[in-house]
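K.L.:
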Ligand SMILES: [Ca+2]
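Residue numbers (this note's numbering): 18 to 384.
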C-alpha cells in the first residue's frame, strides 16, 4: 500500500505529463492552422493592369497581362464586350463608351494555374471631338449694373432675371433690359452667397455657393421652400423640367424639380476634363457653360459630356473691369429672338449676340 505522500506525487507527475502533452498538442494545432490558412489565401496580385489610364473615346486601350491566361472575357461598365484582341501579354481593348469620363473595366478568365480570376480596372476617356471655334456677332449693347456680381442670368416669358453673389450683397432681381436697373429686387440673408438661377413652371430657383441650400420663390419673389444638395452650388439652368447644375468641377448634375439627382455627366474636350464650369444656359440641344476665370464659354453635348465648341469672347471684354475678379459670367438665351445675352461680374455692359454654328468670332465695328 502506497503512503499518501507517494500517491500525491504520482498523481502530480501524471497531471504534469498530461498538461505538457495537452499544451504541446495545442501549439501544434495552432501551427498547422496557421500553415493551412496561409496556403488557402495567398496574396493575390492583379494579373491585368492598364499601361495608360486615359485616352480618347474610340482609342485602343492596352492592358498588360502578367501571366499566361485563357478564356478571357471583358466588360465595360457592366456590359460584356467582344471588342478586344490579345497579342502575347497585351490585351488591346476598343474604348467605345459613348460618354466621356471614368469607366469601369473588368478583365476575367483563367490564370496560368487554370484558376478563375477577375480584375477590376478604371480608365478615363477624353472627347474624340476637336472643339469648333464658335463664332458670334454682337448686335446691340445694354447697360449692366456695375454693382451686380452676376452669378445667374435668364430670360423667362420675355423678362430678364439676374441673381448676384457676395455675402451681404446677394440678390434676386428682375431687370429692365433697356436701363439695366432692377424692376424688382430681393436681397438674400448675409450668411448666403447667391449663385445660379433658373425658372421652371413659374418657380424661381436660386443656388447658394457653399451652404448646400437652393431657394425657391414664386414669380413675385415670395419664398416657397428650400432644397438641399451635397456639392457646391455654381451654375443652374434647365431642359424642360429637368434642372442642370454645376459645382465648379467638370460635372453637370441633372435634377428633378425637387433636387433629386437623376443623372450626371463629366465634361471633357480632346485635351482632358474641363473644370470650373460656372453659369449655365441650356439652348438648342446644348448646355452653354461659362468657364470661371477664362474668356471662354463651352458648348457641351449633354448626352455625351463632349465639348463641341468654344466661344472666345476676349474681344468684347470691357476695358475698365478688374480682369482678375470681374470675369465673364452670365449667359441667357432669348428664345423669341433666338439670341444670347452675355455679361460678366460687375461689367458695365450686357451684350446681345447672335451665335453662329461655325464661323470665326466677330464683333461689330466700333463696339
Ligand atoms: Ca443662364
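Virtual Cβ for every residue (Gly too), placed ideally from N, Cα, C.
Quick caveat: nothing in here was measured; it's all calculated off a predicted structure.
On the DSSP letters alone, give me the boundaries of the beta strand (DSSP E) that residue 136 sits inside.
P.N.:
Where residue 136 is concerned, the enclosing beta strand (DSSP E) stretches over 133-143.
K.L.:
Is residue 348 near ligand 1, in the sense that its beta carbon is under 8 Å from a heavy atom of that ligand?
P.N.:
It does: the Cβ of residue 348 is within 8 Å (strictly closer) of some heavy atom of ligand 1.
K.L.:
Please return the same chain residues whose Cβ sits closer than 6 Å to the Cβ of residue 138, not counting the five positions on each side in sequence.
P.N.:
The residues are 67, 122.
K.L.:
Between the C-alpha atoms of residue 104 and residue 289, what's the straight-line distance to the nearest angstrom?
P.N.:
Cα to Cα, the separation comes out at about 29 Å.
K.L.:
How would you label residue 55, buried or exposed, when you count the other beta carbons within 10 angstroms and need 16 or more for buried?
P.N.:
Residue placement at residue 55 is poorly supported in this model, since its pLDDT is 48, which falls under 50; the coordinates are not used for a value here.
K.L.:
Measure the alpha-carbon distance for residue 345 versus residue 93 and round it to whole angstroms.
P.N.:
If you take the alpha carbons of residue 345 and residue 93, they lie about 39 Å apart.
K.L.:
So, with DSSP's three-state summary, where would you put residue 117?
P.N.:
Three-state DSSP puts residue 117 in coil, outside helix and strand.
K.L.:
What do you reckon, is the C-beta of residue 325 under 8 Å from a heavy atom of ligand 1?
P.N.:
False, no ligand heavy atom lies under 8 Å from that Cβ.
K.L.:
In angstroms with no decimal places, state the Cα-to-Cα distance between residue 158 and residue 171.
P.N.:
Their Cα atoms are separated by approximately 17 Å.
K.L.:
Which two residues bound the contiguous beta strand (DSSP E) that contains residue 203?
P.N.:
Taken as a continuous stretch (DSSP letters only), the beta strand (DSSP E) holding residue 203 covers 199-204.
K.L.:
For residue 361, write down the residues that DSSP places opposite it in a beta bridge.
P.N.:
Answer is 345, bridged to residue 361.
K.L.:
Where does the unbroken beta strand (DSSP E) through residue 72 begin, and where does it stop?
P.N.:
71-73 is the span of the beta strand (DSSP E), which, as asked, contains residue 72.
K.L.:
For residue 207, which option in 221, 229, 184, 243 has the closest C-alpha, if you only look at C-alpha atoms?
P.N.:
Among 221, 229, 184, 243, the Cα nearest to that of residue 207 belongs to 184.
K.L.:
Could one say the Cβ of residue 181 lies closer than 9 Å to chain C's Cβ atoms, at least one of them?
P.N.:
Within the model displayed, chain C is absent; a lone protein chain is all it includes.
K.L.:
Am I right that residue 146 and residue 268 are in contact with their C-beta atoms under 8 Å? What's the rounded C-beta distance?
P.N.:
No, residue 146 and residue 268 are not in contact; Cβ-Cβ is about 19 Å, not under 8 Å.
K.L.:
Contact between the region 106-117 and the region 154-169 is defined here as three or more beta-carbon pairs at a separation below 8 Å; is this criterion met?
P.N.:
Output reads no: the region 154-169 does not touch the region 106-117.
K.L.:
Let me make sure I understand the geometry here. Which of 199, 360, 262 has the alpha-carbon closest to that of residue 212?
P.N.:
Residue 262 is the option with its Cα nearest to residue 212.
K.L.:
Does the distance between the C-beta of residue 265 and the nearest non-hydrogen atom of ligand 1 fall short of 8 Å?
P.N.:
No, the beta carbon of residue 265 sits no closer than 8 Å to any heavy atom of ligand 1.
K.L.:
Please look up how many angstroms separate the CB atoms of residue 239 and residue 215, rounded, as I've assumed it's under 8 Å.
P.N.:
Not confirmed; about 17 Å, so no contact.
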